[in-house]
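In the numbering used here, the protein residues as written are -10 to 91.
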C-alpha cells in the first residue's frame, strides 16, 4: 500500500503510518543511534523518516529500478542500497550524497 507502518512492540498496535512513496515499499532499515527509519521502494527512491514526527526528512535518488534492500551501518552514517538495476549504492548520510556505485 506504499506505506511504512511502525508498530508498538508491547501492544501490537500500529503507532505510525509513513506515507510518501508512490509504489510498493520493499525494504526498511531502522537506525540504532537516532529516531530514523529508511525505506526503499519500487518507485526507485529511498526515504529518510523521523520516527517521532512521521515526517519524511529527505529522499535519496540514484537507482534506475526498484529497490530491493537498504542496510544502515551500525554508526548510522552510511546506508547501502541494492536495486533491480543490478547496483549497490553506498550513501554518506551526513550530506545525503552518493559515495560509490557498484
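We put the CB at the ideal spot given by N, CA and C, even for glycine.
May I ask you to report which of helix, strand or coil DSSP gives residue i?
| i | result |
| --- | --- |
| residue 73 | coil |
| residue 50 | strand |
| residue 44 | coil |
| residue 85 | coil |
| residue 65 | coil |
May I have the straight-line CA-CA distance separating residue i from residue j, to the nearest angstrom?
| i | j | result |
| --- | --- | --- |
| residue 30 | residue -9 | 8 Å |
| residue 71 | residue -1 | 32 Å |
| residue 48 | residue 82 | 11 Å |
| residue 67 | residue 24 | 15 Å |
Using a Cβ-Cβ cut-off of 8 Å (strictly less than) and excluding sequence neighbours within five positions of residue i, which residues of its own chain qualify?
| i | result |
| --- | --- |
| residue -6 | 3, 5, 6, 7 |
| residue 43 | 5, 6, 7 |
Tell me the residue span of the beta strand (DSSP E) that contains residue i.
| i | result |
| --- | --- |
| residue 13 | Neither: residue 13 is in no beta strand (DSSP E) and is coded neither H nor E. |
| residue -8 | -8 to -4 |
| residue 59 | 56 to 61 |
Report all residues from its chain with a CB closer than 7 Å to the CB of residue i; omit the five preceding and five following residues, and keep chain order.
| i | result |
| --- | --- |
| residue 64 | 22 |
| residue 9 | 36, 45 |
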